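Asks: Once you've had a glance at the structure underneath, I'll fire off some questions.
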Amino acid sequence: MESKKYLKGNMMTFPLELTEVGKEEKILDNKYLYPPEIKDIQMEIEEVCDRMEYDGSMMFDECPDKVTVEKVVKEMCSKNNYGNCCADGDRKWFTALIQVMLCNEMGYRRNRRMCHKDRMFSK
(Lines of atoms letter the chains of each structure in order from A; the text may use other names.)
(Lines give C-alpha, C1' and ligand atoms only; values in the text may rest on other atoms or scores of the structure.)
Protein backbone atom coordinates (compact mmCIF):
# COMPACT_ATOMS: atom_id res chain seq x y z
CA MET A 33 0.00 0.00 0.00
CA GLU A 34 1.41 3.33 -0.98
CA SER A 35 1.82 5.85 1.83
CA LYS A 36 0.05 9.17 1.37
CA LYS A 37 0.83 12.47 3.01
CA TYR A 38 -2.10 14.09 4.75
CA LEU A 39 -2.43 17.82 5.00
CA LYS A 40 -2.33 19.47 8.39
CA GLY A 41 -5.69 19.01 10.10
CA ASN A 42 -6.65 16.02 7.94
CA MET A 43 -4.51 13.45 9.70
CA MET A 44 -6.41 10.62 11.33
CA THR A 45 -5.36 7.83 13.63
CA PHE A 46 -6.76 5.23 11.23
CA PRO A 47 -6.82 6.47 7.63
CA LEU A 48 -9.88 5.53 5.62
CA GLU A 49 -7.74 3.45 3.24
CA LEU A 50 -7.30 0.84 5.97
CA THR A 51 -11.05 0.25 6.08
CA GLU A 52 -11.02 -0.43 2.35
CA VAL A 53 -8.52 -3.30 2.52
CA GLY A 54 -10.25 -6.38 1.15
CA LYS A 55 -10.64 -9.64 3.02
CA GLU A 56 -8.30 -11.42 0.61
CA GLU A 57 -5.56 -8.87 1.22
CA LYS A 58 -5.96 -9.16 4.99
CA ILE A 59 -5.47 -12.94 4.79
CA LEU A 60 -2.34 -12.51 2.67
CA ASP A 61 -1.05 -9.79 4.96
CA ASN A 62 -1.28 -12.07 7.99
CA LYS A 63 1.22 -14.49 6.45
CA TYR A 64 4.04 -12.06 7.18
CA LEU A 65 3.49 -12.85 10.85
CA TYR A 66 4.55 -16.49 10.37
CA PRO A 67 7.97 -17.47 11.75
CA PRO A 68 10.62 -17.97 9.05
CA GLU A 69 10.69 -21.75 9.63
CA ILE A 70 6.97 -21.96 8.92
CA LYS A 71 6.97 -19.74 5.81
CA ASP A 72 8.72 -22.45 3.77
CA ILE A 73 6.19 -25.04 4.90
CA GLN A 74 3.30 -22.70 4.07
CA MET A 75 4.68 -22.20 0.55
CA GLU A 76 4.90 -25.99 0.09
CA ILE A 77 1.33 -26.39 1.38
CA GLU A 78 0.13 -23.79 -1.11
CA GLU A 79 1.86 -25.68 -3.93
CA VAL A 80 0.23 -28.96 -2.84
CA CYS A 81 -3.18 -27.26 -2.70
CA ASP A 82 -2.57 -25.70 -6.13
CA ARG A 83 -2.10 -29.22 -7.53
CA MET A 84 -5.31 -30.39 -5.79
CA GLU A 85 -7.44 -27.47 -6.97
CA TYR A 86 -9.55 -29.09 -9.70
CA ASP A 87 -13.12 -30.38 -10.03
CA GLY A 88 -13.47 -33.76 -8.35
CA SER A 89 -10.49 -33.24 -6.07
CA MET A 90 -10.66 -34.64 -2.56
CA MET A 91 -10.12 -31.07 -1.34
CA PHE A 92 -13.61 -30.15 -2.53
CA ASP A 93 -15.39 -33.29 -1.30
CA GLU A 94 -18.30 -32.59 1.01
CA CYS A 95 -16.39 -34.38 3.76
CA PRO A 96 -12.67 -34.78 2.90
CA ASP A 97 -11.13 -38.12 3.85
CA LYS A 98 -8.91 -37.90 6.94
CA VAL A 99 -6.71 -40.79 5.80
CA THR A 100 -6.00 -39.06 2.48
CA VAL A 101 -5.14 -35.79 4.25
CA GLU A 102 -2.75 -37.68 6.55
CA LYS A 103 -1.20 -39.37 3.50
CA VAL A 104 -0.60 -35.98 1.83
CA VAL A 105 1.05 -34.69 5.03
CA LYS A 106 3.21 -37.83 5.31
CA GLU A 107 4.35 -37.42 1.68
CA MET A 108 5.19 -33.76 2.32
CA CYS A 109 7.23 -34.65 5.42
CA SER A 110 9.17 -37.42 3.69
CA LYS A 111 9.75 -35.43 0.49
CA ASN A 112 11.07 -32.36 2.32
CA ASN A 113 12.70 -34.21 5.18
CA TYR A 114 10.67 -32.25 7.74
CA GLY A 115 10.54 -35.27 10.03
CA ASN A 116 14.27 -35.13 10.77
CA CYS A 117 14.27 -31.54 11.99
CA CYS A 118 12.78 -32.42 15.38
CA ALA A 119 13.48 -34.82 18.20
CA ASP A 120 11.40 -38.01 18.19
CA GLY A 121 8.87 -36.63 20.69
CA ASP A 122 8.44 -33.37 18.77
CA ARG A 123 8.05 -35.06 15.38
CA LYS A 124 4.44 -35.95 16.18
CA TRP A 125 3.63 -32.32 17.01
CA PHE A 126 5.43 -31.06 13.92
CA THR A 127 3.41 -33.42 11.70
CA ALA A 128 0.24 -32.27 13.47
CA LEU A 129 1.21 -28.64 12.79
CA ILE A 130 1.62 -29.35 9.08
CA GLN A 131 -1.73 -31.17 9.00
CA VAL A 132 -3.49 -28.23 10.70
CA MET A 133 -1.88 -25.80 8.25
CA LEU A 134 -2.95 -27.98 5.30
CA CYS A 135 -6.52 -28.25 6.60
CA ASN A 136 -6.62 -24.49 7.14
CA GLU A 137 -5.47 -23.81 3.57
CA MET A 138 -7.94 -26.35 2.21
CA GLY A 139 -10.74 -24.72 4.21
CA TYR A 140 -9.78 -21.30 2.87
CA ARG A 141 -9.83 -22.57 -0.72
CA ARG A 142 -13.11 -24.44 -0.22
CA ASN A 143 -14.70 -21.26 1.13
CA ARG A 144 -13.29 -19.18 -1.72
CA ARG A 145 -14.64 -21.66 -4.25
CA MET A 146 -18.11 -21.70 -2.64
CA CYS A 147 -18.27 -17.90 -2.73
CA HIS A 148 -17.15 -17.90 -6.37
CA LYS A 149 -19.79 -20.47 -7.35
CA ASP A 150 -22.49 -18.60 -5.42
CA ARG A 151 -21.66 -15.39 -7.29
CA MET A 152 -21.47 -17.16 -10.60
CA PHE A 153 -24.91 -18.81 -10.32
CA SER A 154 -26.72 -15.95 -8.54
CA LYS A 155 -27.24 -13.95 -11.75
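For what it's worth, our numbering labels the leading residue of the sequence shown as 33, then goes sequentially. Ideal Cβ positions, reconstructed from N, Cα and C, are used throughout, including at glycine. Note that this is a predicted model, so its numbers are computed, not measured.
#1: Might you give, ordered along the chain, the residues of its own chain that have their beta carbon closer than 8 angstroms to the beta carbon of CYS81, omitting 5 neighbours on each side?
#2: Between GLU76 and ASN113, how many whole angstroms is the CB-CB distance? I'm expecting something under 8 angstroms.
#3: Give the straight-line distance between the Cα atoms of ILE70 and PHE126, rounded to the nearest whole angstrom.
#4: Does DSSP classify GLU137 as helix, strand or coil?
#5: Any idea if CYS109 is buried or exposed, counting beta-carbon neighbours within 10 angstroms, 16 or more meaning buried?
#6: Report yes if the CB atom of GLN131 is closer than 7 angstroms to the CB atom of VAL105, and no otherwise.
#7: ALA128 to GLU102, Cα distance in whole Å?
Replies: Walking through what the data contain:
#1: MET91, LEU134, GLU137, MET138, ARG141
#2: Not really, about 12 angstroms apart at Cβ, beyond 8 angstroms.
#3: 10 angstroms
#4: helix
#5: buried
#6: yes
#7: 9 angstroms
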